[in-house]
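Numbering (this note's numbering), first residue to last: 3 to 564.
Cβ atoms here follow ideal geometry from the backbone N, Cα and C, with glycine treated the same way.
Note that this is a predicted model, so its numbers are computed, not measured.
I have placed the structure first, in the form of structure tokens, so that the comments after it can refer back to it.
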């Protein structure tokens with residue numbers, strides 16, 4: 003369940019701290035007060051889209067923090083899989099948005115990605131946003147509805163179908179790509195033979211190009227190197243007309259130090275250092291001379307240049323790097339083997355494709371059977387729930403239709419057929435359902451699925467769209483029943499739903515120093531009555547409105563007691 007939500011500097015919310023309770027949590031407030039921003043902040047924290055314009059005027063960042071109580075062991079397993087900290091029984095999620103438009107997500111204090119939060123959040127909470135019920139008209143959504151209800155058995159088969167379809171598609175593509183005429187095949191073989199002969203002749207080695215490039219740089223600058231090292235060696239060994247050699251100068255310095263080194267320990271140390279320096283100069287001089295003697299006379303430069311040009315030409319033609327060229331060579335060898343025994347290769351591909359198609363069909367048929375079973379059971383449960391939502395004569399049928407064409411999700415399509423009036427022939431839902439009916443259908447679906455899955459928290463943002471009167475009472479009753487087994491958070495403008503609240507929050511907009519801000523308050527019993535009266539009566543609350551609100555709360559309590 004969602005224990006708490008803290009929002010700071012987001013849109014018109016200055017700062018809000020909401021402690022959610024068990025059961026049905028209701029959020030009400032005037033139009034434009036920021037009710038939907040509360041749910042919007044949850045979506046943002048869970049990886050939803052945002053813009054820097056959502057940061058409150060005058061602030062340099064916005065933040066949302068949520069704490070979940072998570073008893074499901076799958077949550078801890080998912081955190082471990084994502085290599086994120088595990089706080090057994092608790093998950094803390096936060097997101098901070100900066101003026102630059104960048105955001106930082108943290109899960110249990112450690113930075114995480116949007117991908118991480120998208121994988122984790124479905125185990126923690128289920129959110130029904132505004133107008134989401136219209137997604138029920140999508141064939142893809144209807145298919146997912148059946149698969150979700152079918153559960154693990156369908157998920158396993160769906161994974162199998164996906165893998166079989168990948169193999170099937172790859173074989174079809176390979177067969178299509180390699181179906182060529184004899185003339186094209188011979189031309190391709192000729193190219194392959196030429197490419198392989200060039201690559202083999204080059205005898206490429208990893209790192210050789212870099213080594214040769216370094217050697218080439220040295221050899222192409224040999225004249226400058228000779229001149230510089232020759233001068234250095236000469237100055238050390240011979241000196242010039244203006245100065246004696248370094249050897250001569252060091253020898254004179256050593257003799258001078260020897261005369262005084264015995265007089266003081268520090269002088270002795272200095273003398274030792276001087277003799278060490280002389281040894282270093284001697285070693286250096288020998289190394290310079292050896293380097294000069296090893297300098298090429300020009301033949302090696304020619305060989306290195308030729309080899310380097312060859313390597314670079316091969317890399318340019320066949321892949322850009324030694325690794326890619328060797329990969330290309332392997333592909334050529336495999337293709338050559340196939341093309342040299344082309345008829346057998348094609349026949350083998352076709353046999354594999356036939357076998358793969360059989361496996362895919364078998365997996366798809368099993369999945370289809372599972373879906374039909376789930377659809378029948380789900381249809382009955384949703385139909386019962388709809389009757390409880392004041393569809394007096396509802397017929398709800400999920401039809402699973404098999405197609406001949408394969409896909410990664412099997413061969414099925416789904417269409418929901420609906421009839422809401424006696425004697426009316428069931429028709430595709432998108433042809434007959436109004437917006438208000440769709441919102442109730444979505445609530446019925448959520449209530450059925452909530453009993454099926456292990457998600458503790460559900461959020462509804464104005465699920466009561468387009469309803470009133472007795473229908474509103476029925477929706478309120480279902481939300482209350484749903485709250486008996488789950489945590490339900492509902493934004494509403496209907497007094498019938500507000501009266502059922504176990505915990506009631508009101509959002510109020512106010513002006514503060516030239517800025518508009520919204521605050522969230524938890525209402526006590528009397529505050530609930532006042533807010534229900536406002537929802538019933540409007541801005542002017544009357545005594546009769548108050549009495550009516552008290553009666554609604556009383557009836558709600560009696561309903562919960564059963």
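| Query | Result |
| --- | --- |
| Rounded Cβ spacing between residue 446 and residue 388 (contact assumed at less than 8 Å) | 5 Å |
| Under 9 Å between C-beta atoms of residue 508 and residue 30 | yes |
| Where residue 80 falls: helix, strand or coil (DSSP) | helix |
| Distance, residue 159 Cα to residue 184 Cα | 42 Å |
| Three-state class that DSSP yields for residue 128 in the structure shown | strand |
| Residue 365 vs residue 162 beta-carbon contact at 9 Å | yes |
| Cα-Cα separation between residue 390 and residue 372, rounded to whole angstroms | 27 Å |
| At least three beta-carbon pairs within less than 8 Å, the region 93 to 103 to the region 46 to 56 | yes |
| Inside the region 280 to 331 only - alpha helix (DSSP H) runs reaching at least 4 residues | 301 to 320 |
| Per-residue DSSP class, three states only, for residue 485 | helix |
| Contact between the region 174 to 192 and the region 304 to 318 (3+ Cβ pairs under 8 Å) | no |
| Complete alpha helix (DSSP H) runs within the region 91 to 161 (minimum length 4 residues, chain order) | 116 to 122 and 141 to 152 |
| Length of the line joining the Cα atoms of residue 555 and residue 471 | 16 Å |
| Cutoff 7 Å; reference residue 239; Cβ partners in own chain excluding five residues on either side | 247, 249 and 287 |
| Contact check, residue 401 vs residue 417, beta carbons under 9 Å | yes |
| Assigned exposure category for residue 422 - 16 Cβ within 10 Å defines buried | buried |
| 4-residue-minimum alpha helix (DSSP H) runs that sit fully inside the region 154 to 220, ordered along the chain | 154 to 180 and 184 to 204 |
| Where residue 326 falls, given that 16 or more other Cβ within 10 Å makes a residue buried | exposed |
| Beta-carbon proximity check, residue 506 vs residue 486, cutoff 9 Å | no |
| Under 9 Å between C-beta atoms of residue 310 and residue 215 | yes |
| Euclidean distance between Cα positions of residue 463 and residue 118 | 25 Å |
| Beta-carbon proximity list for residue 452, same chain, < 8 Å, skipping 5 on both sides | 128, 460, 484, 487 and 488 |
| Local Cβ density within 10 Å of residue 233, reported as buried at 16 or more and exposed below that | exposed |
| First through last residue of the beta strand (DSSP E) which encompasses residue 603 | The first residue shown for the chain is 3 and the last is 564, placing residue 603 beyond what the model contains. |
| Simplified DSSP assignment, three categories, for residue 467 | coil |
| Through-space distance from residue 374 to residue 360, alpha-carbon basis | 21 Å |
| Cβ neighbour criterion (16 or more within 10 Å) applied to residue 130 | buried |
| Contact test: residue 82 Cβ vs the ligand NAD heavy atom, cutoff 8 Å | Ligands are entirely absent from the displayed structure, and the ligand NAD is therefore not among its contents. |
| Cβ pair residue 181, residue 339 closer than 9 Å | no |
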